[in-house]
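Numbering (our numbering), first residue to last: 185 to 495. Ideal Cβ placement from N, Cα and C applies to all residues, glycine included. In this text, all values refer to a predicted model and were calculated from it rather than measured experimentally.
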């Protein structure tokens with residue numbers, strides 16, 4: 185467990201960390217040799233200066249499960265999908281450029297990574313953050329937002345005419361335009377509430393200020409609210425569309441995720457091996473042990489090597 189806890193610090197993704205914690209002693213010599221060979225291949229890559237960019241690998245298992253069920257994924261979940269897809273693409277690009285001979289296991293893993301360039305670029309073009317969808321997500325969304333911006337400015341201009349008018353100076357608590365319940369309003373003193381015809385949307389905690397939507401901007405505020413509803417509807421359509429694309433590629437994404445996690449696990453073993461000057465042992469099934477200049481990996485400082493021969 186101590187060795188596993190050390191190795192766990194070398195992995196990047198939660199999936200590879202799980203693989204570390206699931207490690208157990210094995211007695212299948214062929215399988216043991218394969219696992220040892222994995223580590224040696226990773227060591228060879230690191231010594232050749234080949235480092236895979238795995239920091240973008242995310243745990244997208246829950247998102248994949250939801251997509252398979254036909255659910256709409258959140259912007260954050262879609263960004264994690266795109267990050268993982270981009271990671272697979274970058275790994276393949278580096279390997280195609282710097283591929284080493286005799287690296288068969290890692291080569292097979294990378295060959296089994298799938299590329300989703302058009303999809304991950306589409307997601308990243310559409311989603312800025314977990315909270316923000318880009319104007320470039322669709323032409324319709326871009327048009328709606330342009331209309332919203334123009335209409336909001338027209339409302340502010342109309343309200344600025346009111347708050348800058350000398351006849352309203354004494355009735356306003358402050359000469360500002362603010363927002364209450366998603367409507368543009370002006371703050372009016374309680375005692376002058378009848379001086380500005382409009383809809384009262386809120387009042388201050390003290391009751392001294394009423395937030396009134398002047399009748400002159402009610403229709404424009406209604407139109408703005410309608411545009412906001414259309415914007416939300418278009419954003420939902422975009423998220424459904426992207427979620428559907430994830431659903432279509434579910435199996436390929438699942439396999440790619442598994443292979444990236446395996447690559448992360450192998451490179452973690454390799455990094456740890458280099459840090460402790462590890463070597464690949466030669467295993468036998470004949471019951472003998474011959475350790476030459478062995479050092480215990482948990483000992484610190486100047487470790488005296490030991491030769492051990494049994495059997």
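Residue i - partner residues in DSSP beta bridges
i, result
"residue 398", "382"
"residue 368", "363"
"residue 193", "BP columns for residue 193 are empty, so no partner."
"residue 311", "317"
"residue 387", "394"
"residue 356", "372"
Buried versus exposed call for residue i [16 or more other C-beta atoms within 10 Å across all chains shown]
i, result
"residue 500", "Outside the modelled stretch of the chain, which goes from 185 to 495, sits residue 500, for which no answer is possible."
"residue 237", "exposed"
"residue 273", "buried"
"residue 444", "buried"
"residue 205", "exposed"
"residue 333", "exposed"
"residue 304", "buried"
"residue 294", "buried"
"residue 493", "exposed"
"residue 363", "exposed"
"residue 390", "exposed"
"residue 406", "exposed"
"residue 195", "buried"
"residue 482", "exposed"
"residue 485", "exposed"
Residue i (DSSP reduced to helix, strand or coil)
i, result
"residue 476", "strand"
"residue 373", "strand"
"residue 260", "helix"
"residue 275", "helix"
"residue 201", "helix"
"residue 350", "helix"
"residue 255", "coil"
"residue 427", "helix"
"residue 533", "Residue 533 is absent from the model: the chain starts at 185 and stops at 495."
"residue 410", "helix"
Element boundaries [alpha helix (DSSP H), containing residue i]
i, result
"residue 493", "Here residue 493 belongs to no alpha helix (DSSP H); instead the beta strand (DSSP E) covers 490 to 494."
"residue 328", "323 to 347"
"residue 227", "213 to 231"
"residue 449", "434 to 459"
"residue 470", "Careful: residue 470 lies outside any alpha helix (DSSP H) and carries neither H nor E."
"residue 252", "245 to 252"
"residue 292", "288 to 295"
Should the segment 370 to 390 be called in touch with the segment 347 to 359, which here means at least 3 C-beta pairs below 8 Å? Between the segment 370 to 390 and the segment 347 to 359, the count of C-beta pairs closer than 8 Å reaches three or more; the two stretches touch.
I'd like to know if the segment 263 to 278 and the segment 441 to 457 are in contact, where contact means that at least 3 CB-CB pairs between them fall below 8 Å. Here the segment 263 to 278 makes contact with the segment 441 to 457; the two share three or more CB pairs at distances below 8 Å.
Would you check if the segment 205 to 220 and the segment 460 to 473 touch, i.e. whether three or more CB-CB distances between them fall below 8 Å? yes
Just checking, does the segment 237 to 253 make contact with the segment 428 to 435 on the three C-beta pairs under 8 Å criterion? yes
Meets three-Cβ-pair contact criterion under 8 Å: the segment 384 to 403 and the segment 411 to 424: no
Please confirm if the segment 225 to 236 is in contact with the segment 283 to 297, defined as three or more CB-CB distances below 8 Å between the two stretches. yes
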